[in-house]
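K.L.:
Mapping of the sequence shown onto my numbering: position 113 corresponds to residue 367, and the numbering continues sequentially without gaps.
Ideal placement from N, C-alpha and C gives every residue a C-beta, glycine not left out.
From a predicted model like this one, the values you see are computed outputs, not experimental measurements.
What follows is a structure written as structure tokens; I'll ask about it next.
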Amino acid sequence: MTRLLSTPRGDITIHIATPEDADALFKLRLEALTTHPESFAADVEMTKAKGVEAWTNQITNDVKDQSGVIIIAGAEDELVGMTGIGRGHWPKTKHSAIIWGVYVTPAWRGLRIAEAILNEVIAWSGEHGILVLKLGVVTTNQAAIRCYQRSGFTIFGTEPKSNYLDGVYYDEYLMVRMI
């Protein structure tokens, strides 16, 4: 699966990450966690400590057991966007999945790249029998909330004090999309 998205800044290639993408994906994830630490539960220092090998392993294991994928967006030789999806591991929860780590680098925002990545996650989900997609988004990230709503997600609740950073608690909207 490879999709092409034409933007005013140039063409974007969207595809499922492979182990060869792990190094660039690791760098993009560190950028996301550094640029917007309030938006992610993951910690930049812990992510650094796990290193590239953790990403290689995750990509390999997700594909092997069909438990999820990481979708990436690239412009020429650089990654500009990403998201991951992980489905339930138990027989009673395999119909449901969590979307995590949605990020587009600042220079490439406003071009609907996140929506294109989400569309690929939605397509993958439909092909793998997933019926319910869920995600969390900090209530202060209005651009992301609008993006998710354009992609068919609706708010079904609020998780108070979901993330804590530098003395500030952040609430998250819980969003869902049925396939």
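Please specify which runs of the alpha helix (DSSP H), each continuous and at least 4 residues long, are wholly inside the region 289 to 331, giving them in chain order.
P.N.:
Runs found: 298 to 319.
K.L.:
Kindly indicate the opening and closing residues of the beta strand (DSSP E) around N417.
P.N.:
It spans T408 to L419 - the beta strand (DSSP E) in which N417 sits, taken as one unbroken run.
K.L.:
Can you pull the DSSP bridge partners for D265?
P.N.:
Per DSSP, S260.
K.L.:
If you draw a straight line from the alpha carbon of D277 to that of C401, how long is it in whole angstroms?
P.N.:
Distance between the alpha carbons of D277 and C401: 27 Å.
K.L.:
Comparing alpha-carbon positions, which option in E285, V356 and N311 lies nearest E274?
P.N.:
Closest by alpha carbon: N311.
K.L.:
By alpha-carbon positions, which one of I268, D420, I409 and G406 ends up nearest to L333?
P.N.:
Of the listed residues, the one whose Cα sits closest to L333 is I268.
K.L.:
For W405, which three-state DSSP category applies?
P.N.:
It is worth fixing the name first, because residue 405 is Ser in this sequence and not Trp. Three-state result, S405: coil.
K.L.:
On the DSSP bridge list, what partners appear for T393?
P.N.:
BP columns for T393 are empty, so no partner.
K.L.:
Can A329 and I270 be called in contact, C-beta distance under 7 Å?
P.N.:
In this structure, I270 does not lie closer than 7 Å to A329 by Cβ.
K.L.:
Is it right to say D319 is buried, meaning 16 or more other beta carbons lie within 10 angstroms of its own, or is it exposed?
P.N.:
By the neighbour-count rule (16 or more Cβ atoms within 10 Å), D319 is not buried but exposed.
K.L.:
Taking 7 Å as the cut-off, decide whether the C-beta atoms of G340 and K348 are in contact.
P.N.:
No, they are not a contact pair.
K.L.:
For T261, which residues of its own chain have a beta-carbon under 6 Å away from its beta-carbon, when the five flanking residues on both sides are left out?
P.N.:
So the qualifying residues of the chain are L365.
K.L.:
Note down, one range per segment and in chain order, each alpha helix (DSSP H) of at least 4 residues found wholly within the region 323 to 390.
P.N.:
Fully enclosed alpha helix (DSSP H) runs of 4 or longer: 367 to 381.
K.L.:
Spatial neighbours of A370 within its chain, please: CB distance less than 6 Å, with the 5 preceding and 5 following residues excluded, ordered by chain position.
P.N.:
Excluding sequence neighbours, A370 sits near L259 and I268.
K.L.:
From the DSSP output, in three-state form, read off I433 for me.
P.N.:
If DSSP states are grouped into helix, strand and coil, I433 belongs with coil.
K.L.:
Given a cut-off of 7 Å, decide if I324 and G434 are closer than it, judged by their beta-carbon atoms.
P.N.:
With the chain represented from 255 up to 433, any question about residue 434 goes unanswered, as that position is not in the structure.
K.L.:
Between L279 and the rest of its own chain, which residues show a CB-CB distance below 7 Å, the 5 nearest in sequence each way excluded?
P.N.:
If we look at L279 and ignore the five residues flanking it on each side, its Cβ neighbours are A271, W309, I324, I326, L333 and M336.
K.L.:
Taking 7 Å as the cut-off, decide whether the C-beta atoms of L387 and I353 are in contact.
P.N.:
For L387 and I353, yes; Cβs fall inside 7 Å.
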